[in-house]
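Taken in sequence, the protein lines are chains A and B.
Per full-length UniProt numbering, residue 1 is the first one in the first sequence, and the count goes up by one each step.
Per full-length UniProt numbering, residue 1 is the first one in the second sequence, and the count goes up by one each step.
Data first, discussion second: the structure below is written as structure tokens.
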Amino acid sequence: MKPLLDINRLNIDYQSNKKEFNIIKDINIQIDEKMKYGIVGESGSGKSLTSLAILNLLPDALKVDQGHIKLNTDSTKDLITLSKKEMRKIRGNDIAMIFQEPMTALDPVYTIEYQLLEVLKIHKNYSKKEMHQKGLDMLNKVGISRSEQIMKAYPHELSGGMRQRVMIAMALICEPKLLIADEPTTALDVTIQAQILDLMNDLSESHHTAILMITHDLGVILETCERVAVMYAGQIVEESTVENIFEEAAHPYTKGLLSSIQSLGERSNELYSIPGNVPTPDNYQELGCRFATRCPFAMDKCYEQEPPMFEVQDDHASKCWLHVEEAQDDERRTSRAGS
Amino acid sequence: MYAYIIRRLLMLIPVLFGVSVVIFFTLRIIPGDVAQTILGTDATEDALAQLRKDFGLDQPVMKQYFSWMGGVLVGDFGESMRTGRDVLPDILNRFKITFELAILSAIISWIIAIPLGVIAGIKRNSKTDFTVRIISLLGVSIPNFALATVLILVLALTFSYSPPVGYVGFFEDPIKNLQILILPAIVLGTAMAGAVMRMTRSSILEILRQDFVRTIRAKGAKERLVIFNHALRNAMIPILTIIGMQIGVLLGGTVIIEQIFSLPGLGQLVLTSINQRDFTVIQGAVLFIAFVFVMINLLVDLLYSYLDPRITYK
Numbered sequence: 001m002k003p004l005l006d007i008n009r010l011n012i013d014y015q016s017n018k019k020e021f022n023i024i025k026d027i028n029i030q031i032d033e034k035m036k037y038g039i040v041g042e043s044g045s046g047k048s049l050t051s052l053a054i055l056n057l058l059p060d061a062l063k064v065d066q067g068h069i070k071l072n073t074d075s076t077k078d079l080i081t082l083s084k085k086e087m088r089k090i091r092g093n094d095i096a097m098i099f100q101e102p103m104t105a106l107d108p109v110y111t112i113e114y115q116l117l118e119v120l121k122i123h124k125n126y127s128k129k130e131m132h133q134k135g136l137d138m139l140n141k142v143g144i145s146r147s148e149q150i151m152k153a154y155p156h157e158l159s160g161g162m163r164q165r166v167m168i169a170m171a172l173i174c175e176p177k178l179l180i181a182d183e184p185t186t187a188l189d190v191t192i193q194a195q196i197l198d199l200m201n202d203l204s205e206s207h208h209t210a211i212l213m214i215t216h217d218l219g220v221i222l223e224t225c226e227r228v229a230v231m232y233a234g235q236i237v238e239e240s241t242v243e244n245i246f247e248e249a250a251h252p253y254t255k256g257l258l259s260s261i262q263s264l265g266e267r268s269n270e271l272y273s274i275p276g277n278v279p280t281p282d283n284y285q286e287l288g289c290r291f292a293t294r295c296p297f298a299m300d301k302c303y304e305q306e307p308p309m310f311e312v313q314d315d316h317a318s319k320c321w322l323h324v325e326e327a328q329d330d331e332r333r334t335s336r337a338g339s
Numbered sequence: 001m002y003a004y005i006i007r008r009l010l011m012l013i014p015v016l017f018g019v020s021v022v023i024f025f026t027l028r029i030i031p032g033d034v035a036q037t038i039l040g041t042d043a044t045e046d047a048l049a050q051l052r053k054d055f056g057l058d059q060p061v062m063k064q065y066f067s068w069m070g071g072v073l074v075g076d077f078g079e080s081m082r083t084g085r086d087v088l089p090d091i092l093n094r095f096k097i098t099f100e101l102a103i104l105s106a107i108i109s110w111i112i113a114i115p116l117g118v119i120a121g122i123k124r125n126s127k128t129d130f131t132v133r134i135i136s137l138l139g140v141s142i143p144n145f146a147l148a149t150v151l152i153l154v155l156a157l158t159f160s161y162s163p164p165v166g167y168v169g170f171f172e173d174p175i176k177n178l179q180i181l182i183l184p185a186i187v188l189g190t191a192m193a194g195a196v197m198r199m200t201r202s203s204i205l206e207i208l209r210q211d212f213v214r215t216i217r218a219k220g221a222k223e224r225l226v227i228f229n230h231a232l233r234n235a236m237i238p239i240l241t242i243i244g245m246q247i248g249v250l251l252g253g254t255v256i257i258e259q260i261f262s263l264p265g266l267g268q269l270v271l272t273s274i275n276q277r278d279f280t281v282i283q284g285a286v287l288f289i290a291f292v293f294v295m296i297n298l299l300v301d302l303l304y305s306y307l308d309p310r311i312t313y314k
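Here it is as structure tokens:
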């Protein structure tokens, strides 16, 4: 079966009159129907840009340089080459998106009802009464109890958690096949975060919606996703099932991320952090591995040649030269043992 | 809301009181004999004394002020020292013309400025944007009277057209009325358009950068819907502020334009009254203009809360 969304060798460049450089390099992601897929990375790793590229909502200076984003619903469409008109039919209808800041993601001058039903008005042909009823039902589904009242409210009259619920209602009201959630809980209180994640989990199951979860928080990934891609400096450095990543992380960067999570009950005097910062796109290393400058295991080779994705185990790939070394070590050991 | 409106109306009292004090006493400071100025140098002593007595100019200044204010409070603005006619009906008659001119100019400026400002904002740094910015700079920087004179000359010399002379009310003869007003309205409208255009452009630019615009695009909305239903409405507040101030100024009368097009508006009334030292008319007109200005501001503030539900008045 074809995956619902197939991102194949996606490259995004920054282009201005003066400069041009690569930002996102060779992203490959396959999301099956009803799958919950996570992309995790620090800010500046390009995870949000990747998600914006899917709906062709990239800022003006950024262009998809090459690659395909194939959407397989009833027919197969390449979202990169789609006309504006066809793209609009997909936005909000086949693929919906919710954003990080529920405070600013809603238009302040329109009521919740107007904004919730706007997306229905764009894509479906319902009577006013039907739309109103659909809106109420959807608000109930996202756990808003006084839905009649909330419909008439303006965004500034709601709390952050309520607004994010409204955003989710807005995203799911057309029953999309894929929901892209760009840091949906980052701006919320911790107690609300868990509620919102549970809600998204429940709704994606009852609506048969796949989720692409973009987050910097490995905890969110663990709680919601089945598969995960770890991004660093515009590239995927490791990709596998969530279990594999958490139990047998292979890439030094993923290991670093995992050790920087403080486990409950485990008290150490110092928090682990990966030394250095994520490089800005105009400082990406031309040759070699983009993580090499911060990597504790960096070898000469890492500065000279870009590592490919190695299959470290079944269904688990990592972009690091160490795996070759390990493989060679293993080989040496086995040959020695054999001789 | 109603409580707010009432409070704002109550604030009129100190404002108008202040204006009345300033205008009344500055007029009294002007050197020279008012009676002499009005009646001319040939006037007899008796006539001068009679005029001073009729208008209370022989009384102490404080007493003059209070007797004038006493009249104003019951709606009697006094009589013109020059014509002897009641001041208020004269002001209202002149104001009708000024009001019509202001509204017409404002409409012309919106028709030009808002679409162009929106286009410039959407296509930032394009050739269109560049052109619009130059036009708006021209609109702001060309003096009104220069544009007015050029317009009259070009129309007269090239097309042998000149607008009809002598003001006619809109309800008497709408076509002639428009013919008279359209040229001054174009001159004032283009000048206003410059500022409105710049504000529209920058306001739209700012709104388009905001997160909610991306949300609306992600819903699959057409660009038209994004711009007109969402961006423009959000961008309206600063635009409205500029428009309100412009209209307030215009309603106070546009002396030069009224003079050039010989329109008997409020500006012209004030100017001639000052030249003739017609104290009662000046005082009445200035007070009236201040009143209109405050009312326009109140109207703009009320419109804010209509456009943006986050703004509420209690």
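From the three backbone atoms N, C-alpha and C, an ideal C-beta is built for every residue, glycine too.
Item: Residue 70 of chain A, DSSP secondary structure in three states; Value: strand
Item: Proximity test, Cβ basis, 8 Å: residue 5 of chain A and chain B; Value: no
Item: Candidates B/114, B/152 and B/38, of which the one nearest residue 132 of chain B by Cα; Value: B/114
Item: Beta bridge counterpart(s) of residue 318 of chain A as assigned by DSSP; Value: A/238 and A/310
Item: N- and C-terminal bounds of the alpha helix (DSSP H) containing residue 343 of chain A; Value: Residue 343 of chain A falls outside the range modelled here, since chain A spans only 1 to 339, and no answer is possible.
Item: Proximal residues of chain A, C-beta to C-beta of residue 308 of chain B below 8 Å; Value: 108 and 109
Item: Closer than 7 Å at the beta carbon, the chain A residues around residue 212 of chain B; Value: 104, 105, 106 and 107
Item: Span of the alpha helix (DSSP H) around residue 240 of chain B; Value: 232 to 251
Item: Residues from the stretch 309 to 326 of chain A in contact with chain B, defined by Cβ distance under 8 Å; Value: none
Item: Residue from A/320, A/203, A/223 and A/308 whose Cα sits closest to the Cα of residue 254 of chain A; Value: A/320
Item: Beta-carbon spacing of residue 185 of chain B, residue 251 of chain B below 8 Å; Value: no
Item: CA nearest to the CA of residue 23 of chain A, picked from A/231, A/101, A/302 and A/292; Value: A/231
Item: Burial state of residue 74 of chain B, where buried means 16 or more other Cβ atoms lie within 10 Å; Value: exposed
Item: CA-to-CA distance, residue 171 of chain A to residue 226 of chain B, given in whole angstroms; Value: 17 Å
Item: Residue 36 of chain B, buried or exposed, once every other Cβ within 10 Å from all chains shown has been counted against 16; Value: exposed
Item: 8 Å Cβ cut-off: residues of chain A touching residue 316 of chain B; Value: In the structure displayed, chain B extends from 1 to 314; residue 316 of chain B sits before or after that span and is not available.
Item: Alpha-carbon spacing of residue 164 of chain B relative to residue 176 of chain B, whole angstroms; Value: 7 Å
Item: Burial state of residue 7 of chain A (16 or more Cβ within 10 Å); Value: buried
Item: Residue span of the alpha helix (DSSP H) that contains residue 2 of chain A, given as start and end; Value: Careful: residue 2 of chain A lies outside any alpha helix (DSSP H) and carries neither H nor E.
Item: Short-range partners of chain B found in the stretch 110 to 124 of chain A, where Cβ spacing is below 7 Å; Value: 118, 119, 122 and 123
Item: Pick from B/220, B/87 and B/236 that is closest to residue 284 of chain B, judged by C-alpha positions; Value: B/87
Item: Which residues DSSP lists as bridging residue 76 of chain A, in chain order; Value: A/72
Item: Alpha-carbon spacing of residue 142 of chain B relative to residue 249 of chain B, whole angstroms; Value: 18 Å
Item: Minimum Cβ-Cβ distance from residue 156 of chain A to chain B less than 8 Å; Value: yes
Item: Pairwise C-alpha distance: residue 324 of chain A and residue 204 of chain B; Value: 54 Å
Item: Bridge partner(s) assigned by DSSP for residue 227 of chain A; Value: A/37 and A/241
Item: Whole-number beta carbon distance between residue 187 of chain A and residue 100 of chain A, since they are thought to touch under 8 Å; Value: 6 Å
Item: Buried versus exposed call for residue 228 of chain B [16 or more other C-beta atoms within 10 Å across all chains shown]; Value: exposed
Item: Extent of the continuous alpha helix (DSSP H) run through residue 186 of chain A; Value: Here residue 186 of chain A belongs to no alpha helix (DSSP H), and DSSP marks it neither H nor E.
Item: Rounded distance between the beta-carbons of residue 265 of chain B and residue 98 of chain B, thought under 8 Å; Value: 4 Å
Item: Residues that residue 11 of chain A bridges to, as DSSP identifies them; Value: A/66
Item: Under the three-state DSSP convention, the category residue 172 of chain B falls into; Value: coil
Item: Beta strand (DSSP E) segment containing residue 255 of chain A, residue limits; Value: Per DSSP, residue 255 of chain A belongs to no beta strand (DSSP E); it is in the alpha helix (DSSP H), 252 to 259.
Item: Pairwise C-alpha distance: residue 178 of chain B and residue 172 of chain B; Value: 11 Å
Item: CB contact below 8 Å: residue 125 of chain B versus chain A; Value: no
Item: Contact the stretch 192 to 200 of chain B vs the stretch 234 to 243 of chain B: 3+ CB pairs below 8 Å; Value: yes
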